[in-house]
Amino acid sequence: MTALERLTPDISSMSPHPAIKRTSTVNSNSKWESTFPADIQTEKNSATFVHRFISITSAFILDKRGILGEKHFKTRTIEKLQIPVFEKENSVSVRLIKKIDALKQAVVNKYLREFAVVLYQKPDEEDVKEVFSFRLMYGEEDQISISVDTGINSDVFSQNLASATFSDLGTTKQYFVDAIRKLHRCIKHLETLPADTDASFRISFTEHAPKDYMPEGFDESDKFYEIAPEMTRDQFGILCGNHHKLQLLAASQFWKPGDFGNTTFNSLNQSIVDAPTLKTKQTKGVEKKSERVGRRFPYGQSATMNKGNRKTPEPD
Numbered sequence: 001m002t003a004l005e006r007l008t009p010d011i012s013s014m015s016p017h018p019a020i021k022r023t024s025t026v027n028s029n030s031k032w033e034s035t036f037p038a039d040i041q042t043e044k045n046s047a048t049f050v051h052r053f054i055s056i057t058s059a060f061i062l063d064k065r066g067i068l069g070e071k072h073f074k075t076r077t078i079e080k081l082q083i084p085v086f087e088k089e090n091s092v093s094v095r096l097i098k099k100i101d102a103l104k105q106a107v108v109n110k111y112l113r114e115f116a117v118v119l120y121q122k123p124d125e126e127d128v129k130e131v132f133s134f135r136l137m138y139g140e141e142d143q144i145s146i147s148v149d150t151g152i153n154s155d156v157f158s159q160n161l162a163s164a165t166f167s168d169l170g171t172t173k174q175y176f177v178d179a180i181r182k183l184h185r186c187i188k189h190l191e192t193l194p195a196d197t198d199a200s201f202r203i204s205f206t207e208h209a210p211k212d213y214m215p216e217g218f219d220e221s222d223k224f225y226e227i228a229p230e231m232t233r234d235q236f237g238i239l240c241g242n243h244h245k246l247q248l249l250a251a252s253q254f255w256k257p258g259d260f261g262n263t264t265f266n267s268l269n270q271s272i273v274d275a276p277t278l279k280t281k282q283t284k285g286v287e288k289k290s291e292r293v294g295r296r297f298p299y300g301q302s303a304t305m306n307k308g309n310r311k312t313p314e315p316d
């Protein structure tokens, strides 16, 4: 192991696509400040931090789960971790970057409640097999509207999110490293996806979002996502800026039998021993019904990412 910890010594073994030597930005972008704000105390920088985490982690997921091939990513080093990020010279990656960039204003305006990378089995986009979810809380919120129909939430997850607090940049850096490592361990304990798997980005909104609001690159949808009750699910971390909290959750039917539970995935980000009681609005949908009357469609969804046939991976 070198001084720069490699999350995947053999990246090609985790992807069904042929190995392509990807661009590395190890020397120029190894510092935290090359990716995230050096100060996340202000509301602007706090929003920038959580938005960039969504972008980076989405690329990480799509790479490690083999949804997109090597040419769509380059390697960036952050806090001594080599992390795949979207390659800006690739047209498909640029399209995905634009979709995620369109969410920046949604975070700034406190419109975005949840962003999800949803993996499903074609041709049915509602045949959801795996979800990686990013849930947000803003400012002094002491309650969160929960989309109970998704199935990924639990009272414990919501309590964790509500009780997490920002302390300082150094602690947030450590929680970032912790979350990425746990996410990587999770993916290593997942079975290879079926060849006909595809993915889409999906979003839900807070009650603050205007009734006709929809970020560029997303289409109106009357559905968010639903997962089967028997899916294994867990939390991989909560990251806080001074004005934002972001929780990373996952649910999958592909955890290898016997593996789940042998590895600790729970976040070290917060303790709920002395946590305040969370005031939870458990409503059918992400907002209370009365607050959703004016919205034609309460959710947003991107187009599929990989319409072509994926190659069947070689056995590990």
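Going left to right, the sequence shown walks through residues 1 to 316 as the UniProt record's numbering numbers them.
Glycine is no exception: its CB is placed at the ideal position from the N, C-alpha and C atoms.
- Between the Cα of T206 and the Cα atoms of M137, L248 and D222, which residue gives the shortest distance? Nearest C-alpha to T206: M137.
- Beta-carbon proximity list for F73, same chain, < 7 angstroms, skipping 5 on both sides: Cβ within range, chain order: R22, A59, D63, P84, V85, F86 and E87.
- Item | DSSP-derived helix/strand/coil call for D178 | Correct three-state label for D178: helix.
- Query: When you compare each of Q253, A251, S154 and H244 to A106 by their alpha carbons, which one comes out closest?
  - Reply: Proximity to A106 across Q253, A251, S154 and H244 peaks at H244, based on C-alpha coordinates.
- Item | Backbone secondary structure at R233 - three-state DSSP | Under the three-state reduction of DSSP, R233 is assigned to strand.
- Item | Exposure label - K110; buried when at least 16 CB within 10 Å | Burial call: buried.
- Task: Closer than 6 angstroms by C-beta to P215: which residues in its own chain qualify, once you throw out the five before and the five after it? Chain order, please.
- Result: Exclusion of the five residues before and after P215 leaves A102, L103 and A106 as the residues of its chain whose Cβ lies within less than 6 angstroms of its Cβ.
- Item | Option nearest K71 by Cα separation, candidates T232, I56, E89 and T77 | Taking only the C-alpha atoms, the option nearest K71 is E89.
- Message: Below 8 angstroms, how does it come out for the region 228–240 and the region 192–210: are there three or more Cβ pairs, yes or no?
- Response: Counting Cβ pairs under 8 angstroms, fewer than three are found: no touch.
- Are E114 and K223 closer than 8 angstroms when you measure CB to CB? Contact: no.
- Query: Can you tell me the Cα-Cα spacing of E191 and S93, whole angstroms?
  - Reply: Taking the straight line from one Cα to the other gives about 25 angstroms.
- Message: How far does the alpha helix (DSSP H) with A195 in it extend, from its first residue to its last?
- Response: Premise fails: A195 is in no alpha helix (DSSP H) and is neither H nor E.
- Item | Helix, strand or coil at Q253 according to DSSP, with G and I counted as helix | DSSP, reduced to helix, strand and coil, places Q253 outside both helices and strands of the structure shown, so it counts as coil.
- Query: Which residues mark the beginning and the end of the alpha helix (DSSP H) in which K44 is found?
  - Reply: Boundaries of the alpha helix (DSSP H) around K44: E43 to K64.
- What did DSSP end up calling A116 once you bin it into helix, strand or coil? Strand at A116.
- Compute every distance between the C-beta of S204 and the non-hydrogen atoms of the ligand SAM, then say whether any falls below 7 angstroms. This structure simply doesn't include the ligand SAM, nor any ligand for that matter.
- Item | Option in W255, L246 and G300 with minimal Cα separation from R135 | Ranking the options by Cα distance to R135, first place goes to L246.
- For R95 versus T35, is the C-beta distance shorter than 8 angstroms? Between R95 and T35, the gap from beta carbon to beta carbon reaches 8 angstroms or more.
- Query: In or out: G237 buried (at least 16 other Cβ within 10 Å) or exposed?
  - Reply: With 16 or more other Cβ atoms within 10 Å, it is buried.
- Just the Cα atoms here: how many angstroms apart are I97 and F53? One C-alpha to the other measures close to 13 angstroms.
- Item | The alpha helix (DSSP H) enclosing F157, as first and last residue numbers | Taken as a continuous stretch (DSSP letters only), the alpha helix (DSSP H) holding F157 covers D155 to S163.
- Query: Do you know whose CA, among G300, D198 and S252, lies nearest L68's CA?
  - Reply: Cα-wise, what sits closest to L68 is D198.
- Query: Cβ of Y225 within 8 angstroms of Cβ of A303?
  - Reply: No.
- Message: In this structure, how does DSSP classify S302 when only helix, strand and coil are distinguished?
- Response: It is coil, neither helix nor strand.
- Query: Short check: CB of G139 to CB of F218, under 8 angstroms?
  - Reply: It is not a contact, given that the beta carbons lie outside the stated cut-off.
- Message: Assuming contact is defined by CB atoms lying nearer than 8 angstroms, are E130 and Q253 in contact in what I supplied?
- Response: The Cβ atoms of E130 and Q253 lie closer than 8 angstroms to each other.
- Message: On the criterion of 16 or more Cβ atoms from any shown chain inside 10 Å, does residue 328 qualify as buried, or is it exposed?
- Response: Residue 328 lies beyond the residue range present for the chain, which begins at 1 and ends at 316; the question has no answer from this structure.
- Message: Buried or exposed, going by whether 16 or more other CB atoms sit within 10 Å of the CB of G170?
- Response: Looking at its Cβ environment, which holds fewer than 16 other Cβ atoms inside 10 Å, G170 is exposed.
- Roughly how many angstroms lie between the CA atoms of M305 and Y120, to the nearest whole one? Rounded to the nearest angstrom, the two C-alpha atoms are 11 angstroms apart.
- Item | Neighbour-count burial assignment, K31, 16 or more Cβ in a 10 Å radius | So K31 counts as exposed.
- Item | Where L239 sits in the DSSP three-state scheme | Collapsing the DSSP output to three states places L239 in a strand.
- Looking only at its own chain, which residues have a Cβ that is under 7 angstroms from the Cβ of K173, when we skip the five neighbours before and after it? Annotation for K173: W32 and E79 place their beta carbon closer than 7 angstroms to its own, counting only its chain and skipping 5 residues before and after.
- Item | Anticipated Cβ contact below 8 angstroms, I40 with G241, distance rounded | For I40 against G241, the beta-carbon gap comes to about 4 angstroms, under 8 angstroms, which counts as contact.
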